[in-house]
Every structure is written in structure tokens, then in C-alpha cells.
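>
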Amino acid sequence: MTTAIDRYAVFGNPIKHSKSPQIHTLFAKQTKQSLVYTAELAETGKFESAVRQFINNNGKGLNITVPFKENAWALSESRSPRALRAGAVNTLKLQEDGSLFGDTTDGTGLVNDLLHNHNIVLQNKKILIIGAGGAVRGTLQALLEQQPSLLLVSNRTAAKAIQLADNFSDLGPIHGCGLQDISDDFDIIINGTSASLQGDLPALPESIFNRNSCSYDMMYAAQATPFMQWSAACGVSTVFDGLGMLVEQAAESFYIWRNIKPETRPVIDIIRQQLNQPE
């Protein structure tokens, strides 16, 4: 009798451009794990039933992307401390007892990319993060665990940034403000908005950069994003996109499911090479 192969997937809407199936297939090959990973379009309002159906068909775990991360949080019967804090889940794991465990790996993905792929030191640094949505919220605990001297959350709507910072203030030196209220320069500036996807830029002053600033966009594309281009035009020489974060958060999910850590660098290089090839 053949054993059914373990199934994993990413659920989102839209989903067709997801790199996750390729990333996890590369991880599985590298670590000699027998599994299948697919991208699944989940209908709005039918997320829970789609998850249950997937689990019933030998589904062992899921990645969750926009717009279902809060739904996944609500569906989780147990959650990691970082997921509890973030209020969102991007990784679901089927437990031995049949219950669903929820976690978030975005913060770990960002920090691992900065620390290990780019050799950026976060300890005792001033960090500015732009945006106050789910992408930013999911990274704040991981950033604060690196003990920066300051983490400033800045958003178009100041009240949202202030509230978000207040929710994490017991973890370290974090504050919130409006985009127009930034009056300092920073060592690391992270764009956590999706403005780059629309070809836009947050309204930021050039004075946020100093001579040694590092600029990081959570978005990625074949070409430098508008935020990366603007940073370079302001004289910043250390500029990165979020492709490494995508692969690193996937590696953390893979570890949660399979208890084995894949090598990320070869996978980042493969995806980057494909991005740079004309279609």
C-alpha cells in the first residue's frame, strides 16, 4: 500500500504569481523531503472551508497570504507568541491531534535576510519602518528582539502608527508618527508599504538618510523598485529589495513543518536569476 504524499500549499487571492511553490519545491529537493506544494486560489468568504477541505486531502500545512492572514489567525487553535502579538498568521501546521497551529514567519524572514544575507547589524541602530499595515505589524517583534536603539513606525495616518507602536512598546524603544513628522535620520530605513507595486513612493523627506544608511524595500521586482531608485538617487549606496525576505520566511515555514532548515542562498540566487531573465 502506497502512503499518500504530504501536501502543502499557499492560499491567497490573487495567487497565480506566487513564487512559493517553486521555493518550497527547491527546499524539498535540497533536503530530500517527499512532499507536494501548490498555489491555491481561495475564495473570499470560503477560506475556512477551503482549509478544511485541503487538510482532509492529506494537507499537512499551509502558507497564507493576502487577504487571509487574519482569517488564518482566527482559525488557529493554538498560536506562537509572535503570532499572538502580530494578530496575523502566515503559516498553519496540522498538529498530531488534528488541531491547527498558527505562526508568523515574516519578521524572522526580514531579520534573517538583513543579518545573514546582507550582513546588516541591527543592534544599537536607529531603524525607520514605513507603513502600519499587516506587513509591518508582523515584523516589529523580530526587529525589537535585535535591540535597536530606536524603532520608529511612520505612516500616512499618524494615529495608526502611534497605536501600533504602543502595542509593542513593552518589547523595546518603539514610537510612532506621521510621515510628515519624521525629523531624524536613520541607519536602516524599511519600506513596508505596497506603494512600490503601484509604482508609487511614500511622501518622505530626503533627510531620513545619513551617509551610512541602508535602504530596504519589502517588495521586489526584476528592476529596482521606486523606493530603491529614490534611495539611490538620495545617495544611499546600500539598497536591497525583499526577495531574500520572501525566501527566508518560506524557510522558517518549512522548518516549522518539517523540522529541517533548508539553505536559502542557492534558492534566492535561482529566483533572482529568473526574475532578471526577459519573459
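Numbering-wise (numbering that gives the first Met the number 0), the sequence shown opens with residue 0 and increments by one.
Don't be surprised by glycine CBs; every beta carbon is placed ideally from N, CA and C.
It should be emphasised that the depicted structure is a prediction, and the values quoted were computed from it without experimental measurement.
1) With residue 214 and residue 104 assumed to form a contact (beta carbons below 8 Å), what rounded beta-carbon distance in angstroms separates them?
2) Which residues does DSSP pair with residue 61 in a beta bridge?
3) Give every residue of the same chain whose Cβ lies closer than 8 Å to the Cβ of residue 198, excluding the five residues on either side of it in the sequence, and list them in chain order.
4) Thinking just about the alpha-carbon of each residue, which of 272, 275, 96 and 266 is nearest to the one in residue 30?
5) Output yes or no for whether 8 Å exceeds the beta carbon distance between residue 9 and residue 55.
6) Are there 16 or more other CB atoms within 10 angstroms of the CB of residue 279, so buried, or fewer, so exposed?
7) Suppose contacts are defined by Cβ-Cβ distances below 8 Å. Is residue 189 in contact with residue 128 by that definition?
8) Restricting to runs no shorter than 4 residues, where is the alpha helix (DSSP H) found entirely within the stretch 200-237?
9) DSSP on residue 274, reduced to helix/strand/coil?
10) Could you tell me the alpha carbon to alpha carbon distance between residue 18 and residue 274, rounded to whole angstroms?
11) Look at the alpha carbon of residue 155 and the alpha carbon of residue 74, and state the distance between them as a whole number of angstroms.
12) For the beta strand (DSSP E) holding residue 18, just list the boundary residues, first then last.
13) At which residues does the beta strand (DSSP E) containing residue 150 begin and terminate?
14) Return the first residue and the last residue of the alpha helix (DSSP H) that residue 55 is part of.
15) In the DSSP assignment, what are the bridge partners of residue 39?
16) Keeping to the same chain, check which residues put their C-beta closer than 6 Å to that of residue 27; ignore five residues upstream and five downstream.
17) What would DSSP say about residue 119, mapped onto helix, strand or coil?
18) DSSP state of residue 111, grouped into three classes?
19) Identify which residue in 264, 95 and 24 has its Cα closest to the Cα of residue 243.
20) In terms of alpha-carbon separation, which member of 260, 248, 257 and 203 lies closest to residue 233?
For this structure:
1) At roughly 23 Å, the Cβ-Cβ gap does not stay under 8 Å, so residue 214 and residue 104 are not in contact.
2) According to the DSSP secondary-structure assignment, residue 61 is paired through a beta bridge with 8 and 91.
3) 225
4) 266
5) no
6) This structure gives no information on residue 279, because the portion of the chain shown stretches from 0 to 278.
7) yes
8) 225-232
9) helix
10) Going by the C-alpha atoms only, they are around 11 Å apart.
11) 31 Å
12) Taken as a continuous stretch (DSSP letters only), residue 18 belongs to no beta strand (DSSP E), as it is neither H nor E.
13) Looking at the DSSP string, the run of the beta strand (DSSP E) that includes residue 150 is 149-154.
14) 46-55
15) 10
16) Cβ neighbours of residue 27 beyond the five flanking positions: 34.
17) coil
18) Residue 111 carries a helical assignment under DSSP once its states are collapsed to helix, strand and coil.
19) 264
20) 203
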